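J.: Okay, here's the structure, questions in a sec.
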Amino acid sequence: MNKLVVTLLTALFFMSLLIGAQDVQAQQKGKDAKEGKAVQPMKAQERRLKVAYITRLQHRDREIDDRVKNHLDSMGFEVTLIDQTEPAARANGADLLVISSTVTSQDLEHKYTHIGIPLLTWENDLLDDLRFTGRHKGVDFGEVDGEHYIWIVNAPHPLAAGLPAGINSVYRKDQPMGWGKPGLGAAIIATMPGQPEKAIIFGYEKGATMDYDFIAPARRVMLFLDNRTFPDLKPNGKKLFDAAINWAVGR
5 MNKLVVTLLT ALFFMSLLIG AQDVQAQQKG KDAKEGKAVQ PMKAQERRLK
55 VAYITRLQHR DREIDDRVKN HLDSMGFEVT LIDQTEPAAR ANGADLLVIS
105 STVTSQDLEH KYTHIGIPLL TWENDLLDDL RFTGRHKGVD FGEVDGEHYI
155 WIVNAPHPLA AGLPAGINSV YRKDQPMGWG KPGLGAAIIA TMPGQPEKAI
205 IFGYEKGATM DYDFIAPARR VMLFLDNRTF PDLKPNGKKL FDAAINWAVG
255 R
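Okay, so the sequence shown: first residue is 5 according to this note's numbering, each after it adds one.
Right, here's the structure in full:
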């Protein structure tokens with residue numbers, strides 16, 4: 005048998021092995037499909053979700069916003085700090101809009117009210133402008149000077165972060181807490197202890213009715229934080245923060 009014949013036979017042998025392997029792979033995919041198993045195609049690495057973080061870049065509490073940004077980075081987000089003076093279009097392309105309480109509410113007012121991306125804030129003075137609540141400060145929204153407990157009233161909701169219903173401690177010591185009186189379409193997660201009319205964690209699904217007849221353009225979330233309180237969150241408080249971010253962005 006000459007060398008040419010040997011070479012051809014060898015090539016045919018390896019081709020038959022390759023075809024057999026492909027047949028086995030195809031049969032396995034067909035079996036998985038029949039059994040209802042997801043067939044995962046090869047894909048490139050998923051992109052990082054983008055967060056537009058609205059703040060005052062020149063502010064005495066900027067260091068706290070930087071710590072929040074670093075935490076969001078650690079959660080896998082790509083975060084861009086945007087000054088409150090910049091146009092709303094700077095948030096275009098973001099998957100989530102976060103508005104810090106370091107902003108000046110009078111300067112923002114309705115800038116982001118109608119934006120069609122999920123929005124999370126802890127600036128209680130913006131709740132009326134964003135249509136989270138009614139317009140009367142001290143009645144529809146406000147702040148208490150010092151509290152470190154919350155009352156969870158909707159434990160099964162993802163925004164509750166798996167914490168049990170009832171009293172939970174979220175700060176290491178008494179700190180300011182923002183609150184609002186949301187519209188009928190809200191999912192109220194937690195309130196001030198003994199003050200059920202003051203919701204401190206609540207959210208709206210896209211399409212839910214917010215204040216009066218305003219319809220949520222995308223998910224909306226309110227948290228109880230203040231300018232400098234993020235570092236004082238206890239583990240339960242951090243869980244609630246992370247849950248709020250993840251629920252807002254839909255992951």
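Each residue gets a CB set at the ideal place from its N, CA and C atoms; glycine is no exception.
From a predicted model like this one, the values you see are computed outputs, not experimental measurements.
Does the separation of the CB atoms of residue 54 and residue 97 fall below 9 angstroms?
T.: Their beta carbons are under 9 angstroms apart, which means residue 54 touches residue 97 by this criterion.
J.: Go through its chain and collect everything with a Cβ distance to residue 231's Cβ below 6 angstroms, but skip five positions before and after it.
T.: 65, 105 and 106, listed in sequence order.
J.: Give me the Cα-Cα distance between residue 69 and residue 217, rounded to the nearest whole angstrom.
T.: About 33 angstroms.
J.: Using only CA atoms, which one of 150, 152 and 168 lies nearest to residue 158?
T.: Taking only the C-alpha atoms, the option nearest residue 158 is 168.
J.: Quick check on DSSP: helix, strand or coil for residue 221?
T.: The answer is coil: DSSP assigns residue 221 none of H, G, I, E or B.
J.: Work out the CA separation of residue 130 and residue 206 for me, nearest whole Å.
T.: Cα to Cα, residue 206 sits roughly 15 angstroms from residue 130.
J.: By the DSSP assignment, the alpha helix (DSSP H) with residue 76 in it spans what residues?
T.: Here the alpha helix (DSSP H) through residue 76 covers 66–78.
J.: If we count Cβ pairs, one from each stretch, closer than 8 angstroms, do we get three or more for the region 83–101 versus the region 129–148?
T.: Judged by Cβ distances under 8 angstroms, the region 83–101 makes no contact with the region 129–148, as fewer than three pairs qualify.
J.: Going by CA-CA distance only, name the one from 229, 252 and 242 that's closest to residue 75.
T.: For the residues 229, 252 and 242, the minimum Cα distance to residue 75 belongs to 242.
J.: Starting from residue 252, trace the beta strand (DSSP E) both ways and give me its first and last residue.
T.: Where residue 252 is concerned, there is no enclosing beta strand (DSSP E), although the alpha helix (DSSP H) it sits in stretches over 239–253.
J.: Per DSSP, residue 194 forms a beta bridge with which residues?
T.: Residue 194 pairs with 156 and 205.
J.: In the DSSP output, what is residue 230 paired with across the bridge?
T.: Beta-bridge pairing links residue 230 to no other residue.
J.: I need the DSSP call for residue 179, collapsed to helix, strand or coil.
T.: It is a strand residue.
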